[in-house]
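Chemist: Start counting the sequence shown at -10; every next residue gets the next number (this note's numbering).
We put the CB at the ideal spot given by N, CA and C, even for glycine.
Next up is a structure, given as structure tokens.
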Amino acid sequence: MRALWAVIVLIHALCAAYYASLALVYFTLPGTLVGDHMRAFGIVISFDKLPVIEFCFAVCAVAHALLLSEMLITSAYRRSPAFYSKVGIKTLKSAPHPTGRRGSVWERWFGFAGYFGAGGKHFVLLFLTREVLEATLQSIQAYQLSKFVPHIVLDIASSIGVSLALGATYLGDYDWTLTNFVYAKWSDQVWFANLNSEFKQLFIQDWFDFGTRALFAITTLMSLNDVKLLRFETLLHTALILWGALILSLHIQGMMKSSADPAECLAVVHPWLASSATCASIRIDCRAHEGMTGKAVEVEARWSNLDPQALSMLTFINCPELHIPASIQSFSGLKALYISSSTVIEWSENAALAGRRHLELRQLSLIATNMTPACDPSSSLPPGLLSNDFPQTLGTLYTTHVALGKLPKNLHEIWPHRLSLILLLGSFSVIPEVLPRLDPISLLDTKISRLPVWAEGESFRSRVTVKAARTPFCAQLAKQVDAESSSLRFSFAGMGVMATLRALWVRAFPWTARQGGRYSVELMCDLSEYCEHTPLWRVFLVFALSVLPSLGAIVSLDTIPLQDPYGGWNKNPSMWTRCVLGTFVLSMGVLMQFRGMAVSIELSMKQTIALGVAAAINTQGATLLIAMSWGVFPLPFTMIWATPVWTITIAAGIMLAIGRERIVADSEIRVQLKRYLDVANAASVYIVVFPAYSTVFQKLEGVSQFAFILVLPVLKFFLKKIMKNLVASVDELVPVTIITVDLFNALFQAKCMQSAGSLWTTAGIIAVDAIQNGYTMRKLVFLMADVHKTMGVQQRDRDSSDLLAQCVALLETPEHLNLRDIRCQRQISSVVPFHPDQADAAASSSTASTAATTDATRSAILAETLQLLWKCECVLLVEFVEFAAPMMYSISLAVVHSLPNARYYPGIANMTEAKLHSTIGSILLYAGLEFLSLLYMHMALKRMFRISALYLLAFVLERKRLILQGIFMTWALIVLSFTLVHNGNDLTFKFEWMHRQRQRPSG
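Below you can see the structure in the form of structure tokens.
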């Protein structure tokens, strides 16, 4: 038993470290240069999906860490090896199968003796099914390793730490400062080919791949649990050993076949049962073979014995008469094609790159290549690059020293629209008309000297990203911007400096008024003024007034003494009074959000109050009529019955206030109305989702309840994504809108702590929240570090670097800012070419003058500051809500527990003083972590940039007070009073009071 205990402890420790490392790798990947390479070649899943993967692996790490802690702490307490903190194996095995009302649904299906439990009668069959599924997936993974991984030793050990072994082989070549591999490695074709093949096994490529890896992670936890419960039983061990031996023999068979591979092969792989030579990357060098010029017959002779499915990278080099053979279309797995120092004589349609043939093509590089002999007179591209079925998967087309004078007018219909064009040292003197239909474009070191007439319009400049450094056009544009800025500076006379800056920038550069994921320049100026002139006492008053009105309204409603709900509708006059007042508060909260989001409508406070009163009276009047007619009280899910009348009243009142003519004539009002309705409809889903989660959580026990904690952050992630997409067009609304999800999440986390079955469950809730906070803070700290690095301030000068003052000062000298770069700068996802000569060219061409660097740095400081302020506002709002919501819940819980109405709240009715103190203590600990996050942000911003997070938070709370007050007032009221018996919210759908009232004699 001691040996088994030590093995399980070791497995938990290794899994916790491994999954934590995976989460960290996926977290940092988008900000690295090597990540851009992987994305361009389709080696990793899309970056916008990485947060789901990061979270999944982080959750697995936490689960293993907590289970490890449970084993260690329990063993230390008992002074003997222990697997569980409470229940022993004998207790579990002897536990009777739950039946009737006493057994929960979960126990009947997933408990130890349940259908899926380790002690159930179907366990052997289910275990067999699970092991077969795992073995199948692992076999698929082993085959993929043999197909893509050239290292023979790793093929044999594919089932043992392959990810760690592969990663270790590349770790020594990685430069942590550059976030990329050392440049010399990119010129090593063998290394480059191996990287593109082996990284497929290291990183998740699609959702199916993620699903299989997630399944392994989940079943590992399940298997360890089964081992703890049934550690003396053996099942299928022999079959699994035989299956592993079969896999190993197939690996060895693939390894023994390597002698047939050609000399040109740069990366040999060993798939199972392959009938021909397998090579992942091949380089055909005509100079290496005497008399070879590159004719189709000569080229085909070099790859005739290759497995076409295995080839992923193809290179032609030093071929004076290159004829691309038609058999190139047989390479369906081709990812990259390089042609260097060659002359293409023939590249016909029969040998064209085609989407139906080359399903995974990612990059095409043409380096010092002459394609004129293979082209028609009307085009400088051969037919092989102009197929109507051109691969739409191509992400990067890189050319240097290639003459591309004439391009087909329909090129944009052939090549992918999001193709990254990198055309270095070309012969262009003016941008071809077809290129702007492709985006982005890089024309570095070309002869571009001017924009054509058709490209002078704002539609071109606003759509297309063109990089044209070190061109005549770039120098001319810089002079033009300087001249425009100088003429604008004369408008400063006779005006306030801050007002003039706002007006000047919005007029001259309208994009600064609204920028995706950034503050506007106008908002930054307002923040600077707010920080300078607002006293500290007002900041703390703003904090208090953001929460106290909602808390006061909610607590006041509970001071109204209620009668027994089972007495009927006519015996509960206090409840109807409470309903009218509660509906009024709810209506005011909703209308306050409406006023804050639909600013063009200008609903007055008098209209808001009148509409709230009308909605309260109409809604509760209709609800009373339903209760009288039906003879049932409380009405099942009273809110559902009340919603139609309430919605009609509110909608009719708003329509009357606006006027039909104004709605028809003003498109902006229609847009704002639609946006608000979308947000309100999305938020209404939370009323179902979060209470349902809370109900299921309360039904679970032990490990099941502990594991179910991990569902809440997943819900939060997806719901925030949905809410963010609804208001993505208005940056200022994003932070204050998505916190609706955070408010629900925080309140229901507090509810889960109240109903948690053990201290471990409460600790798990706090730990998951701490991980999320750490993840968010780490991203923000990285952004702060980038801004500070751009500022170029030495470590000793950090305390004196006032970022806001510096940016406002930059606005006073716009001639030193590269304004278009602030708007259009975008990183092109391209790979570094492997040709050694280009490394020297790139290094020499990257030198710029000191003045240009200074101006670029100033522009970058402003752009990154606007983004930093926006990100800080988002994080501060989330942390404030997640601090305020538990505090509100704790105060409400303490007050209600001391009132007579406590007996009508199922979770509070039987709560002892000790349980109350324990629950409030846990919730306050959770709130304390959020407070520490706020404090950390304040200290970091103050130390690095002399920006007060308190002032930044107060600035947004005061600026968006209508929306924030409305959110607190609406959703806190709904959540905190959801379980009140009089509201009829029974998610078990038993509705026992209805059966009791029907059995009661009438009269």
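In angstroms, rounded to a whole number, what distance separates the CA positions of residue 553 and residue 579?
Modeler: To locate residue 553, count along the sequence shown from 1; it is residue 564. To locate residue 579, count along the sequence shown from 1; it is residue 590. Going from the Cα of residue 553 to the Cα of residue 579 covers about 30 Å.
Chemist: Rounded to whole angstroms, what's the CA-CA distance from residue 42 to residue 169? Just pull it up for me.
Modeler: Taking the first residue of the sequence shown as 1, we reach residue 42 at position 53. Taking the first residue of the sequence shown as 1, we reach residue 169 at position 180. Each residue's alpha carbon lies about 22 Å from the other.
Chemist: In angstroms, rounded to a whole number, what distance separates the CA positions of residue 511 and residue 527?
Modeler: Working through the sequence shown from its first residue, we reach residue 511 at position 522. Working through the sequence shown from its first residue, we reach residue 527 at position 538. Those two C-alpha atoms are separated by around 22 Å.
Chemist: So, with DSSP's three-state summary, where would you put residue 622?
Modeler: On the sequence shown, position 633 is the one that residue 622 refers to. Here residue 622 sits in coil by DSSP.
Chemist: Kindly indicate which three-state DSSP category residue 269 falls into: helix, strand or coil?
Modeler: Numbered from its first residue, the sequence shown carries residue 269 at position 280. Residue 269 falls in the strand class under three-state DSSP.
Chemist: I'd like the ranges of any beta strand (DSSP E) spanning at least 3 consecutive residues and lying wholly in the segment 335 to 398.
Modeler: For the segment 335 to 398, whole beta strand (DSSP E) runs of length 3 or above, ordered along the chain, are 352 to 356, 385 to 389.
Chemist: Alpha carbons only, please: which of 630, 951, 597 is nearest the one belonging to residue 613?
Modeler: What you label residue 613 is simply residue 624 of the sequence shown in a count that begins at 1. Out of 630, 951, 597, 630 has the C-alpha closest to the C-alpha of residue 613.
Chemist: Could you spell out where the alpha helix (DSSP H) holding residue 662 opens and where it closes?
Modeler: Looking up residue 662 in the sequence shown gives position 673. 656 to 688 is the extent of the alpha helix (DSSP H) around residue 662.
Chemist: Three or more beta-carbon pairs under 8 Å between the segment 527 to 547 and the segment 954 to 965, yes or no?
Modeler: Counting Cβ pairs under 8 Å, three or more are found: they touch.
Chemist: Quick check on residue 385: buried or exposed, where buried means 16 or more other Cβ atoms within 10 Å of its Cβ?
Modeler: By one-based count along the sequence shown, residue 385 stands at place 396. Result: buried.
Chemist: Should residue 589 go down as buried or exposed, given a rule of 16 or more other Cβ atoms within 10 Å for buried?
Modeler: The residue given as residue 589 occupies position 600 in the sequence shown. With fewer than 16 other Cβ atoms within 10 Å, it is exposed.
Chemist: So, at 6 Å on beta carbons, what are the nonlocal neighbours of residue 972 in its own chain, with the 5 sequence-adjacent residues on each side left out?
Modeler: Counted from its first residue, the sequence shown places residue 972 at position 983. Once the five neighbours on either side are set aside, the close Cβ partners of residue 972 are 627.
Chemist: Report the three-state DSSP secondary structure of residue 308 (helix, strand or coil).
Modeler: As a position in the sequence shown, residue 308 is number 319, starting the count at 1. Of the three classes helix, strand and coil, the one that applies to residue 308 here is coil, per DSSP.
Chemist: Within the chosen definition, does the segment 918 to 935 reach the segment 861 to 872 through at least 3 CB pairs nearer than 8 Å?
Modeler: Taking 8 Å as the limit for Cβ pairs, the verdict is that the segment 861 to 872 does touch the segment 918 to 935.
Chemist: Do residue 330 and residue 1036 have their beta-carbon atoms positioned less than 9 Å apart in this structure?
Modeler: Only positions -10 to 992 of the chain appear in the structure, and residue 1036 is not among them; the question remains open.
Chemist: Confirm, please, whether the CB-CB distance from residue 369 to residue 361 is below 9 Å.
Modeler: The residue given as residue 361 occupies position 372 in the sequence shown. The residue given as residue 369 occupies position 380 in the sequence shown. Yes, the Cβ-Cβ distance between residue 361 and residue 369 is below 9 Å.
Chemist: Please report how far the alpha carbon of residue 927 lies from the alpha carbon of residue 698, in whole angstroms.
Modeler: Counting from one through the sequence shown, the residue named residue 927 turns up at place 938. Counting from one through the sequence shown, the residue named residue 698 turns up at place 709. Cα-Cα distance, rounded: 30 Å.
Chemist: Quick check on this structure: which residue in 364, 585, 162, 887 has the alpha carbon closest to the alpha carbon of residue 397?
Modeler: Along the sequence shown, one-based indexing puts residue 397 at 408. The candidate whose alpha carbon is nearest that of residue 397 is 364.
Chemist: Roughly how many angstroms lie between the CA atoms of residue 71 and residue 700, to the nearest whole one?
Modeler: On the sequence shown, position 82 is the one that residue 71 refers to. On the sequence shown, position 711 is the one that residue 700 refers to. Their backbone Cα atoms lie some 28 Å apart in a straight line.
Chemist: Do residue 686 and residue 744 have their CB atoms nearer than 9 Å?
Modeler: Against the sequence shown, residue 686 aligns to sequence position 697. Against the sequence shown, residue 744 aligns to sequence position 755. Their beta carbons are under 9 Å apart, which means residue 686 touches residue 744 by this criterion.
Chemist: Please determine, among 308, 705, 304, the residue with the shortest C-alpha to C-alpha distance to residue 317.
Modeler: As a position in the sequence shown, residue 317 is number 328, starting the count at 1. Selected option, being the one with the closest Cα: 304.
Chemist: Assign residue 774 to buried or exposed, taking buried as 16 or more other Cβ atoms, counted over all protein chains shown, within 10 Å of its Cβ.
Modeler: Walking along the sequence shown from the start, residue 774 turns up at place 785. Per the 10 Å Cβ criterion, exposed.
Chemist: Please say whether residue 519 and residue 586 have beta carbons closer to each other than 9 Å?
Modeler: As a position in the sequence shown, residue 586 is number 597, starting the count at 1. As a position in the sequence shown, residue 519 is number 530, starting the count at 1. Not a contact, by the Cβ cut-off of 9 Å.
Chemist: For residue 557 and residue 624, I'd like the C-alpha separation in whole angstroms.
Modeler: For the purposes of this step, residue 557 is taken as residue 568 along the sequence shown, with counting starting at 1. For the purposes of this step, residue 624 is taken as residue 635 along the sequence shown, with counting starting at 1. Using only the alpha carbons, I get a separation of about 10 Å.
Chemist: Spatial neighbours of residue 482 within its chain, please: C-beta separation below 6 Å, excluding the five flanking residues on both sides.
Modeler: Counting from one through the sequence shown, the residue named residue 482 turns up at place 493. Only weak support exists for where residue 482 lies, its pLDDT of 30 falling under 50; the coordinates are left without a value.
Chemist: Beta-carbon separation of residue 717 and residue 878 under 9 Å?
Modeler: On the sequence shown, position 728 is the one that residue 717 refers to. On the sequence shown, position 889 is the one that residue 878 refers to. No. Outside cutoff.
Chemist: How long is the line joining the alpha carbons of residue 961 and residue 597, rounded to whole angstroms?
Modeler: By one-based count along the sequence shown, residue 961 stands at place 972. By one-based count along the sequence shown, residue 597 stands at place 608. In a straight line, the C-alpha of residue 961 is about 20 Å away from that of residue 597.
Chemist: Since I believe residue 760 is in contact with residue 47 (beta carbons under 8 Å), could you give me their beta-carbon distance rounded to a whole number of angstroms?
Modeler: By one-based count along the sequence shown, residue 47 stands at place 58. By one-based count along the sequence shown, residue 760 stands at place 771. That belief holds up - the Cβ atoms of residue 47 and residue 760 are roughly 6 Å apart, short of 8 Å.
Chemist: Measure the CB-CB distance between residue 729 and residue 672 and report whether it falls below 9 Å.
Modeler: To locate residue 729, count along the sequence shown from 1; it is residue 740. To locate residue 672, count along the sequence shown from 1; it is residue 683. Yes; because the gap between Cβ atoms is below 9 Å, this pair is in contact.
Chemist: Which of the three DSSP states, helix, strand or coil, is assigned to residue 281?
Modeler: In the sequence shown, counting from the first residue as 1, residue 281 sits at position 292. If DSSP states are grouped into helix, strand and coil, residue 281 belongs with coil.
Chemist: Within the continuous beta strand (DSSP E) that includes residue 327, where are the two ends?
Modeler: Taking the first residue of the sequence shown as 1, we reach residue 327 at position 338. 325 to 329 is the extent of the beta strand (DSSP E) around residue 327.
Chemist: In whole angstroms, what is the alpha-carbon distance linking residue 882 and residue 741?
Modeler: Translated into positions along the sequence shown, residue 882 becomes position 893. Translated into positions along the sequence shown, residue 741 becomes position 752. Whole-angstrom Cα-Cα distance: 13 Å.
Chemist: Can the beta-carbon of residue 725 be found closer than 9 Å to that of residue 945?
Modeler: Here residue 725 corresponds to residue number 736 of the sequence shown, with the count starting at 1. Here residue 945 corresponds to residue number 956 of the sequence shown, with the count starting at 1. Yes, these two residues count as a Cβ contact at 9 Å.
Chemist: What are the residues that DSSP puts in a beta bridge with residue 775?
Modeler: By 1-based counting over the sequence shown, the position of residue 775 is 786. Paired residue(s): none; residue 775 is not in a bridge.
Chemist: Could you tell me the distance, in whole angstroms, from the CA atom of residue 584 to the CA atom of residue 668?
Modeler: Within the sequence shown, numbered from 1, the residue matching residue 584 stands at position 595. Within the sequence shown, numbered from 1, the residue matching residue 668 stands at position 679. Using only the alpha carbons, I get a separation of about 14 Å.
Chemist: Nearest to residue 765 by CA position, among 886, 581, 868, is which residue?
Modeler: For the purposes of this step, residue 765 is taken as the residue at position 776 of the sequence shown. Looking at the Cα atoms, 868 is the closest of the given residues.
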